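Structure, as structure tokens:
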Amino acid sequence: MSVRQRLSPARGNWHRIYYLLALFDVLTVASGLFLTHRITVIFQDAVAVNQAWAHRLDAYSALGTLASEVNAPGNDVFDTAAVDIEERRLAQALEAFNRATGVARREAENSLTGAERTLILADLDAIATENEQMVAEARSIFGYFRAGQPVLAGRRMATMDRRYAELNAAMARLRRDAIASASVALDGQEAEAAALRAYEVVIGVAILLMVAAATMYGNVISRRITADAAEREAILHKLRETEKGLEQRVIDRTEALSTANEELARLAAIVTASEDAIVSVDTGGRVLTWNPAAERLFGYSAEEIVGQPKMLVVPEDFQESHRNLFAHAMLGESFSHHRTARRRKDGVVIPVDLTVSPLRDQSGQVQGALQIVRDVSAQVRAESMLAETTQRLVDAQRMAQLGSWEFDLATQAVRWSDEMFRLFGLEPGEVEPSYEMALGFIHPEGQGAVESSIAHSIETGQPFDRDDRVVRRDGTEHILRATGGPVLDTEGRTVRIAGTAQDVTELRAAEAAVKRSEERFRMAARATNDALWDWDVVNNAVWWNEGFRTLFAHRDPTPTLEFWMSLIHPDDAARVGASIHAFLESASEVWTGEYRFKRADGNYAWVLDRGFAIRDGAGHATRMIGSMMDITDRKESERMKSDFVSFVSHQLLTPLSGMSWMLELAADTEGLPEDAKAHIADARESGARLSTLVNDLLDIAKLESGRLSAVPEALSLSSLTQSVVAGMQLLVAGKALNLDVACDPSARPVFADSQLLRQVVTNLLSNAVRYTPPGGRIDVLLREHNESVTWAVRDTGVGVPTGGQGRLFEKFYRADNAVSMDAEGTGLGLHLVRLIVEQAGGRVWCESEEGHGAMFAFTLPAMAAEKEAV
Amino acid sequence: MTASGRVLLVEDDKFLRRACEASLKQRGFEVVTATDGEEGLQRAREGPRPDVILLDLLMPKLPGIDVLRALKGDPSTADIPVVILSNSSRDEDKREAVTLGAVGYYVKANLSLKELAAQVSHLVKEHAPPD
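Order-wise, the sequence lines are chains A and B. The opening residue of the first sequence carries number 1 in the numbering used here; numbering runs sequentially from there. The opening residue of the second sequence carries number 1001 in the numbering used here; numbering runs sequentially from there.
Next up, the structure:
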């Protein structure tokens, strides 16, 4: 229902009354007005008539005055006797009189009608006649005067006066008639007015009726208005509400507009910030807009490309399909994630994901197309990698013998991958798998547990992971690791159990072996009295076993090399440090050292430390593992032995020296018989051998007890060899041996005690000379290889029997052929050589074939360049 | 005073002492002997001043090294050249003796009497007061 309708309720027939009243009102008022008008007109007419008559009466009265003027000269001439003057006065007065009567006559003719006109005109005619007669008498008078007949003139004067009286009477008639006419006219007006007055009553009654009706109607209207007011109020209320609603709608609309604006701004920001290239083109395929991502993707700036054909970035091979796509877009079709390719400004073609939608104007007309282009190079690479990975996974599964399986709870259907069949010793697809069949392959002792696991998994939704013994069709037993769990539907109900299975027989066996090995190591590490250590050289982290704590009572050893170094006896620290440093820089695998190591109680323990190095491809030691053996007791016994040896040696050397000197004195005695001289010479030689033996024993004792304090220094083995060879020239020449020394001059020095190393070279060379028959050949070689310097002497002597080679460097050992050839050897020389070389971080060995000479060699770590400089 | 000079020989072993004394006397040296460290020190200080002292290290009563230290610490004997005759070939013993002022160090087993006499003769000449 519209507002207008609500504002126009049914009014019944009251409006007709209102119209009747109004009509009646109009008629009454019109009648009143007409009546008033009529009366006014009558009054105005009456006034006009009255006025006209008044004017006429005035004019008529004036005629009397004029007439007196005309009369006057005929009288006055008697007094004045100035006929001419009076005649002129007469003429003038007559003219005025005639003019006035003329005016009156014309007025009456024009204004009056009917009887009045006739009457008045007759009166005026009479006046004119009377006047003419009076004037004629006057003129007679004047004629008499001129004729000098004053008496005759006098007589005429009376006549003239009569005529004047008659004129006045005519004029009086005129006035009377005029007054009577006026009165008649006014009476007529009055009668008309009186006639109209009868209507006043009618109108008054009518007005009374109208007022009564209006009052009644007014009441009705008043009630109606009150009702209407309430209704209007209600309607206004409704209107206000509607207005509020409208206002709200306006606010909403404004907000919507504002939101729309924000949306637009946001949209613009999104387009700007988008990682995807967003491009719009017109129907002609020319670029309209080009966002920053498009600039980044294609390398063209918006400035460069806007207005250019979009085809610019479409590679030739793709232009046809792009034209096709674009044509469809112009027909209003959209395309999502179309995989195609685009060309960048630098010419590189990249795979892209293209979304095209038509751009429409407000009328829905297609005005172009919006294209969203995403670089999918990474995705393509990832897909390619994924495909490779998937294939690899399949291969890996095949290789790893990893099978997959599924058990549908509703249908009880079981699905196996090919590998799954193989895991049970079956050919893929040769049988229809089932739950019972799978269970049948499980070792009978484990079937119950498998069923419990699956039931538990279904019940709780938890995955399972278990190892089971399975018996293949061929009867072999394997260990199968099965992992699986429930697969839920969208409502969270378990619909399937699915998982994988893998043959872990070998893995478990290997794990068990590793576990046993680890246990063995742990037990060994615990069982040994040695301190075991594991040094991560790269990160300088040292692990100590329990034995370290037990052995040295350090409860909480710091896991660093510095901690270890700090506990080495100050007198040994430099030597051990240098030794381990040299070892690290060498290519050797095994390091040994003996030193004093501080216990927690402050006392020193003698330890034999042996380490094994693990080296990387470049030969750098990355890790060392070793053990520290407490050899304090052994050292103590060695010391006692050494003291004993020292004591014994001293006691031996003193008489030996005495013998030697006495024999020297005896030999110098003059006059001795030749026999005596020969005996004395033999005794001296025997003494000299004894002296050598005792000295070697002493050296060995010192070396073995660690009491021989070597003073290592940079040594040129080449120079040392030349020096030793020079001292042996007499011996060599005496046996006619061919001695050749070939030293590589570029070989680096070694770090060793010069006196001890000289003894090594001397011992090895003198052995070669001793055991090479006259005329033989001796070659000395020196070269550097793999961070080591190798010294070797090769002879063409008797060689070493195969059985004796392993014991050659033992104390007191002498090879059989050596004993038979030279009874004077002590069996200590090579032992000394080994002790000295090994103490310097080197190794000594022998290669020989009996009867075909021998080669004795030793290696020592080559010195690092910086150390050499120091 | 003989033409060859006076030698003080401090040696506890009688055979070594005799051999050495005989050898040096044969070569014209006047030889004064002592059988231990204390006696040796006493002879060096009280007897006729020796031109050279030959000193054993391992001896009863006072070890040779202490005798050497005492001799070098005494202004009256500090400038007498001392030669050590020892059984020890240890470098540290050698170094210690040299450090304390010994002019020579010989391992007896490696030394001939001829060499010893030559060394003594050389020292006597070297340390002879200018005439």
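In this text, a Cβ means the ideal position worked out from N, Cα and C, and glycines have one as well. On a predicted model such as this, the values are computed, not experimentally measured, just so you know.
I'd like to know whether the C-beta of residue i is nearer than 9 Å to at least one C-beta of chain A.
| i | result |
| --- | --- |
| ALA1097/B | no |
| LYS1061/B | no |
| HIS1088/B | Strictly speaking, residue 1088/B in this sequence is Ser, with His absent from that position. Chain A, which has a Cβ nearer than 9 Å to the Cβ of SER1088/B, makes this yes. |
| ALA1118/B | no |
| LYS1114/B | yes |
| LEU1100/B | no |
| ALA1078/B | no |
| LEU1058/B | yes |
Going by the beta-carbon positions, is the gap between residue i and residue j smaller than 9 Å?
| i | j | result |
| --- | --- | --- |
| THR505/A | HIS478/A | yes |
| ALA169/A | GLU130/A | yes |
| ALA100/A | ARG56/A | no |
| LEU1016/B | LYS1094/B | no |
| GLU611/A | TRP533/A | Looking at the sequence itself, residue 611/A is Gly, so the reference to Glu does not match. Yes, the pair counts as a contact, with Cβ atoms nearer than the cut-off. |
| LEU690/A | ILE680/A | no |
| ALA72/A | ALA93/A | yes |
| ASP1056/B | ASP1013/B | yes |
| CYS743/A | VAL780/A | yes |
| ALA1078/B | GLY1047/B | no |
| VAL607/A | MET629/A | yes |
| ILE1080/B | HIS1127/B | yes |
| GLY74/A | ALA138/A | yes |
| TYR199/A | TYR18/A | no |
| VAL1082/B | LEU1068/B | yes |
| LEU1113/B | GLU685/A | no |
| LEU1071/B | GLU1011/B | no |
| HIS456/A | GLN462/A | yes |
If we cut at 9 Å on Cβ distances, does residue i have a partner in chain B?
| i | result |
| --- | --- |
| SER660/A | yes |
| ASP668/A | yes |
| VAL760/A | no |
| GLU866/A | Confidence in GLU866/A is poor, its pLDDT being 48 and thus under 50, which makes the residue's placement too unreliable to answer from. |
| LEU698/A | yes |
| HIS871/A | Chain A is shown from 1 up to 870; residue 871/A falls before or after that span and cannot be answered. |
| LYS702/A | yes |
Which chain B residues are close to residue i, counting only those with a beta carbon under 9 Å from its beta carbon?
| i | result |
| --- | --- |
| PRO655/A | ASP1013, PHE1015 and LEU1016 |
| SER890/A | Nothing can be reported for residue 890/A, as the shown portion of chain A is limited to 1 through 870. |
| ASN695/A | SER1089, VAL1107, ALA1109 and ASN1110 |
Identify the contact partners of residue i in chain A, using a Cβ-Cβ distance below 9 Å as the criterion.
| i | result |
| --- | --- |
| LYS1094/B | Simply none; closest approach about 11 Å. |
| ALA1070/B | None at all; the shortest Cβ gap to chain A is about 23 Å. |
Quick one: which chain A residues come within Cβ less than 7 Å of residue i?
| i | result |
| --- | --- |
| LEU1055/B | Here the premise fails: no neighbours, minimum Cβ distance about 15 Å. |
If the cut is a Cβ gap below 8 Å, which residues of chain A does residue i touch?
| i | result |
| --- | --- |
| LEU1008/B | Going along chain A, no residue has its Cβ under 8 Å from LEU1008/B, so there is no contact; the nearest lies around 18 Å. |
Which bits of chain B does residue i rub up against, with CB to CB less than 8 Å?
| i | result |
| --- | --- |
| GLN755/A | ASP1091 |
Checklist entry - Going along the stretch 1021–1047 of chain B in order, which residues come within less than 9 Å of chain A, judged by CB to CB distance? => result Correct list: ALA1022, SER1023 and GLN1026.
Next on the checklist: What are the residues in the stretch 710–738 of chain A lying within 9 Å of chain B by C-beta distance?
Outcome noted: For the stretch 710–738 of chain A, the set of residues with a beta-carbon nearer than 9 Å to any beta-carbon of chain B comprises VAL711, in chain order.
Checklist entry - What residues in the stretch 664–689 of chain A bring their beta carbon closer than 7 Å to a beta carbon of chain B? => result So the list reads GLU664 and LEU665, given in the order they occur along the chain.
Next on the checklist: Measuring CB atoms only, is the stretch 768–779 of chain A touching the stretch 787–806 of chain A, in the sense that at least three cross pairs come out at less than 8 Å?
Outcome noted: As far as the Cβ criterion goes, the stretch 768–779 of chain A touches the stretch 787–806 of chain A, which means the pair count is three or higher.
Item to check | Chain-ordered residues of the stretch 638–651 of chain A with a beta carbon less than 8 Å from chain B | outcome: Residues are counted here when their Cβ sits less than 8 Å from a Cβ of chain B; for the stretch 638–651 of chain A these are SER649 and HIS650, given in chain order.
Next on the checklist: Within 8 Å, do at least three Cβ pairs link the stretch 271–279 of chain A to the stretch 371–390 of chain A?
Outcome noted: Touching, per the Cβ criterion.
Item to check | Contact the stretch 359–369 of chain A vs the stretch 379–390 of chain A: 3+ CB pairs below 8 Å | outcome: In short, these stretches do not touch, since the Cβ pair count stays below three.
Item to check | Cβ contact check for the stretch 555–572 of chain A and the stretch 752–772 of chain A: 3 or more pairs under 8 Å | outcome: The stretch 555–572 of chain A vs the stretch 752–772 of chain A: no contact.
Next on the checklist: Is it the case that the stretch 413–424 of chain A contacts the stretch 505–518 of chain A, given that we only count it when at least three CB pairs across the two stretches are under 8 Å?
Outcome noted: Using a C-beta cut-off of 8 Å, the stretch 505–518 of chain A makes no contact with the stretch 413–424 of chain A, since fewer than three inter-stretch Cβ pairs fall below that distance.
Checklist entry - Does the stretch 746–757 of chain A come close enough to the stretch 840–847 of chain A that 3 or more CB-CB pairs lie under 8 Å? => result With a cut-off of 8 Å, the stretch 746–757 of chain A and the stretch 840–847 of chain A count as touching, because enough Cβ pairs lie within range.
Checklist entry - Is it a yes or a no for the stretch 533–542 of chain A touching the stretch 614–627 of chain A, going by three-plus beta-carbon pairs under 8 Å? => result Yes, since at least three Cβ pairs between the stretch 533–542 of chain A and the stretch 614–627 of chain A fall closer than 8 Å, the two stretches touch.
Next on the checklist: With three or more C-beta pairs closer than 8 Å as the rule, is the stretch 304–323 of chain A touching the stretch 398–412 of chain A?
Outcome noted: The stretch 398–412 of chain A vs the stretch 304–323 of chain A: no contact.
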